[in-house]
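In terms of mature numbering (1 follows the signal peptide of the UniProt record, and there is no 0), the sequence shown is residues -17 to -1, 1 to 416. Inspection log for the structure reproduced underneath, given as structure tokens.
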Amino acid sequence: MKSELLLVLALSLCVSSKPLSERKTYNKLLLISFDGFRWDYDLDVDTPNLDQLVEEGVKAKYINPPAITMTSPSHFTTITGRWIEDHGVVHNLMFNVTTGLRLTHKATLKKSEWWDNGALPLWITAQNQGLKTASFFYPGGGANYSGQAVDRSLVGYHGQPYDNETDWRQNIDTVMGWFTKEDFDFVTLYYGEPDNVGHNEGPETPARRKIIEQIDRTIGYLREAIHKNGLTDHLNVILTSDHGMTTIKNATEVNEIKLSNYMNLLNLSRFDLLDYGGFGMITPKEGKEQEVYNALKNAHPNLKVYKKDEIPEHFHIGKHERIQPIVLLADLGFNINSKIILHINKGDHGFSNEEMDMKMFFRAFGPDFRNNFLAEPFDSVSIYPLMCKLLGVVPEANNGSLSDTKGMLVDVGGRIQVSFTLLLLMIVILTFI
Ligand SMILES: *[C@@H]1O[C@H](CO)[C@@H](O)[C@H](O)[C@H]1NC(C)=O
Ligand SMILES: *[C@@H]1O[C@H](CO)[C@@H](O)[C@H](O)[C@H]1NC(C)=O
Ligand SMILES: *[C@@H]1O[C@H](CO)[C@@H](O)[C@H](O)[C@H]1NC(C)=O
Ligand SMILES: *[C@@H]1O[C@H](CO)[C@@H](O)[C@H](O)[C@H]1NC(C)=O
Ligand SMILES: *[C@@H]1O[C@H](CO)[C@@H](O)[C@H](O)[C@H]1NC(C)=O
Ligand SMILES: *[C@@H]1O[C@H](CO)[C@@H](O)[C@H](O)[C@H]1NC(C)=O
Ligand SMILES: [Zn+2]
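Next up, the structure:
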């Protein structure tokens, strides 16, 4: 009877010891995004370092980007755990239908009014809970959220070299310094490859395979750097992307989509975002919505046309005010051209996230991840609750689900481990009383 009472006392002690031990028991986290790394890019290239990670970490068969398979919308879904209609970053380009403003992707990176729509990214949430965070070129990291900046932020710029391997290694060294010398808890690191090569040369080319080899060497360098910096047992790493890539079809194979064949854009459209891959939007002139819709609806067999209120709910894009009245989605490989067809990109994305070519890769390793664990495919919104779990951060409301990802972890978190150890200790003490 007495010992049962003591056991209860011991148990309650363990529970109440949570807050004390909480902070210290969480490992640091590095999220790396390789832009446009399609899920199968490592299958036709020799990638010894990625292969080793299959044994020493977690691999997902592939993961699903959100429905607008573009860089900024998808990266912001990863860092907020929200669908695009919830976070409002609906395009790579900041735009204003009234003024006709259209900013480039790089210029948009510094515009807080484009990113700060109420969904808090993990950097800010973590900082509000006492962690130190940084963003190295990660989209969204250069903006302020409710007036708060990310503790340390480097922002991508025009003319930035994408594929300089020396730079890539220096960036890793910089990030290692942030973790070891400045005690950062959470860092996001972004690389513009293999997206750049995928656009310029196409995904099924020797140039793309070469850049994957470079990425593989960089991952080898990263693992060495982690080891040299004594972070092997203290740092979790997630490697992922924002969308895949597909070869653009051209007039030698298909009837390309040119909207001016079907409607007079000048007369009917007030504002549009076209000539940007497989996804487009149009704001018709006053009273012209039905006319635009009718003109395009059955115009081309490989073009899907939606009025805003017809957009399938499972896309999770239709609710946001920035989505224009007419939304266009082309079949895989078809670009949506407005008046002229420019073959600028040999490869592109922006197509339906249900297409295998739009799926992206996911790997993870570190002290909290299992070895040799193959995860089933999941939606990229679920990376957010996983990151919160790893960092011991209370998540904001989000659209992800920890049940998608928690199987990757060796246990359910530092706190329980500590409590369990304490409990064992108490039982040992009790048996000797
Ligand atoms: C577009 O610009 C106008 C004029 O500057 C401004 O009043 C309006 O709020 C802007 N719209 C959006 C959605 O930002
Ligand atoms: C963020 O806020 C700081 C301090 O108010 C300001 O100096 C900086 O320009 C802001 N950055 C952006 C991108 O709005
Ligand atoms: C790559 O970057 C390094 C370091 O910034 C620089 O010294 C070198 O000239 C660059 N190489 C090329 C080919 O641009
Ligand atoms: C058009 O497509 C064919 C078949 O994929 C390809 O060989 C050719 O290089 C493409 N031409 C252009 C201009 O992209
Ligand atoms: C476009 O508008 C102009 C001026 O209102 C008109 O003259 C022209 O016929 C229109 N074109 C078409 C194809 O409707
Ligand atoms: C996504 O999460 C937000 C915040 O909890 C919620 O308001 C919204 O309804 C969710 N969306 C869906 C489709 O469940
Ligand atoms: Zn991208």
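No residue lacks a Cβ here, since even glycine has one placed at the ideal position from N, Cα and C.
Note that the C-beta distance between Gly139 and Phe120 is below 7 angstroms.
Shown here, Tyr289 sits in a strand according to DSSP, grouped into three states. Minimum Cα-Cα distance from Asn10 among the listed residues Lys193, Asp216, Asn354 corresponds to Asp216. The beta carbon of Glu68 sits closer than 7 angstroms to the beta carbons of His299, Ile300, Gly301, Lys302, His303 from its chain, once the five residues preceding and following it are set aside; these are given in chain order.
Using a C-beta cut-off of 8 angstroms, the segment 313 to 322 makes contact with the segment 260 to 274, since at least three inter-stretch Cβ pairs fall below that distance.
Counting along the chain, the unbroken alpha helix (DSSP H) around Gly181 starts and ends at 178 to 184.
Within the same chain, and ignoring the five residues on either side of Met159 in sequence, the residues whose Cβ sits closer than 6 angstroms to its Cβ are Ala208, Asn212.
With a cut-off of 6 angstroms, the C-beta of Ala132 is classified as near ligand 2, since at least one heavy atom of the ligand falls inside that distance. Ala102 and Trp66 have their C-alpha atoms some 10 angstroms from each other. Between Leu92 and Asp168 the beta-carbon gap is near 23 angstroms, outside 8 angstroms, which marks them as no contact.
In this structure, DSSP gives Val41 an extended state, which the three-state scheme calls strand.
The set of residues whose C-beta lies within less than 6 angstroms of a heavy atom of ligand 7 reads, in chain order, Asp18, Gly19, Thr54, Asp178, Asp225, His226. For Arg200, the three-state secondary structure derived from DSSP is helix. A residue is listed when its beta-carbon falls short of 7 angstroms from at least one non-hydrogen atom of ligand 6; in chain order these are Arg65, Trp66, Asp69, His299, Ala380, Asn381, Asn382. For His326, the distance from the CB to the nearest heavy atom of ligand 4 is below 6 angstroms. For the segment 83 to 129, the full-length alpha helix (DSSP H) segments reaching 4 residues or more read 88 to 91, 95 to 98, 105 to 111 along the chain. Going by DSSP, Arg152 is part of the alpha helix (DSSP H) stretching over 148 to 164. By the neighbour-count criterion, in which a residue is buried when 16 or more other Cβ atoms sit within 10 angstroms of its Cβ, Gly83 is exposed. Asp23 and Arg192 have their alpha carbons spaced roughly 11 angstroms apart.
A heavy atom of ligand 4 is found nearer than 6 angstroms to the CB of Asn233.
In this structure, the C-beta of Asn79 approaches ligand 1 to less than 6 angstroms from one of its heavy atoms.
Just so you know, the alpha carbons of Glu184 and Phe20 end up roughly 14 angstroms apart. In the DSSP assignment, Phe59 falls within the unbroken alpha helix (DSSP H) covering 54 to 63. Excluding five sequence positions before and after Thr61, the CB atoms of its chain that fall closer than 6 angstroms to its own CB belong to Ser363, Ile366, given in chain order. Val41 places its beta carbon 7 angstroms or farther from that of Phe361.
Pro368: member of the alpha helix (DSSP H) spanning 366 to 374, first to last residue.
For ligand 2, no non-hydrogen atom lies closer than 6 angstroms to the CB of Asn100.
The chain-ordered list of residues whose CB is nearer than 7 angstroms to some heavy atom of ligand 3 reads Pro144, Asn147, Thr149, Asp150, Gln153.
Your pair Thr52 and Asn336 checks out as a contact, with CB atoms roughly 5 angstroms apart and the cut at 8 angstroms. Ala126 places its beta carbon less than 7 angstroms from that of Trp98. For the alpha helix (DSSP H) assignment, the uninterrupted runs of no fewer than 4 residues enclosed by the segment 224 to 271 are, from N- to C-terminal side, 248 to 251.
Looking only at Leu385, Asn354, Phe334, the smallest Cα-Cα distance to Val37 is reached by Asn354. Taking a 10 Å sphere around the C-beta of Gly330, we find 16 or more other C-beta atoms and assign the residue as buried. Per DSSP, the unbroken alpha helix (DSSP H) holding Ile67 starts and ends at 67 to 70. In this structure, the straight-line span from the alpha carbon of Gln35 to that of Met339 is close to 25 angstroms. Remark: the shortest separation between the CB of Thr91 and any heavy atom of ligand 1 does not fall under 6 angstroms.
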